[in-house]
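Here's the structure, in structure tokens; my notes come after.
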Amino acid sequence: MNTAQWMVTLVGFGLIAWIVWYFWLYERQSVQARAEEGGMQEIDVTVKGGYQPAVIEVQAGQPVRLNFTRREASTCGEEVVFPAFGQRAHLPENQTVPLEVTPAQPGEYEFTCGMNMYRGKLIAR
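To convert, note that position 57 of the sequence shown is 57 in the UniProt record's numbering; the numbers rise steadily by one, no gaps.
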């Protein structure tokens, strides 16, 4: 291999490493859901290259309303899936879609996009 081929190969491996880190290994800061009257916990989640915030802390046994707003045209963010609750929702671009779940037990509950590339989690305490 000549020098140009080595450079292209190294850049390719670097990009692969960055993608793996960004989508699967990067630990994001957690955010506490705000409690509303009546015990409903609520938080706004923006979908743009991932979920912001991607880690949400809530109280177990209380209902949670997640207001998803998709701010991108990418088809990856068109759907959010909560496997532990058996729920999914279609997210039209620039529209807020509320999704309500109730984590009965303390633990971590993952949510993903329909392609399983965007990842987030609810941490119930």
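Where is the CB? At the ideal position from N, CA and C, for every residue including glycine.
No experiment lies behind these values; they were computed from the predicted model shown.
Can you tell me the Cβ-Cβ gap for residue i and residue j, rounded? I've got them flagged as a contact below 8 Å.
{"i": "Gln41", "j": "Val55", "result": "Not really, about 15 Å apart at Cβ, beyond 8 Å."}
{"i": "Arg88", "j": "Glu78", "result": "No, Arg88 and Glu78 are not in contact; Cβ-Cβ is about 11 Å, not under 8 Å."}
{"i": "Ala84", "j": "Val58", "result": "Not quite, the Cβ-Cβ distance comes to about 13 Å (not below 8 Å), so this is no contact."}
Around the Cβ of residue i, are there at least 16 other Cβ atoms within 10 angstroms (buried) or fewer (exposed)?
{"i": "Tyr118", "result": "buried"}
{"i": "Tyr51", "result": "buried"}
{"i": "Pro103", "result": "buried"}
{"i": "Ala124", "result": "buried"}
{"i": "Leu25", "result": "exposed"}
{"i": "Val47", "result": "buried"}
{"i": "residue 129", "result": "One cannot answer for residue 129 here, as it falls past the ends of the chain, which runs 1 to 125."}
{"i": "Leu91", "result": "buried"}
Could you tell me whether the Cβ atoms of residue i and residue j are closer together than 7 Å?
{"i": "Glu93", "j": "Arg70", "result": "yes"}
{"i": "Phe82", "j": "Val45", "result": "no"}
{"i": "Gln105", "j": "Ala35", "result": "no"}
{"i": "Glu100", "j": "Lys121", "result": "no"}
{"i": "Ile43", "j": "Leu66", "result": "yes"}
{"i": "Val20", "j": "Pro53", "result": "no"}
{"i": "Gly86", "j": "Gln62", "result": "no"}
(request) Enumerate, from N- to C-terminal direction, the unbroken beta strand (DSSP E) stretches of 3 or more residues contained entirely within the UniProt domain "EfeO-type cupredoxin-like" (16-124). (result) DSSP assignment within the UniProt domain "EfeO-type cupredoxin-like" (16-124) yields the following whole beta strand (DSSP E) runs of 3 residues or more, N-terminal first: 30-32, 41-47, 55-58, 64-70, 79-82, 87-90, 96-101, 107-113 and 119-124.
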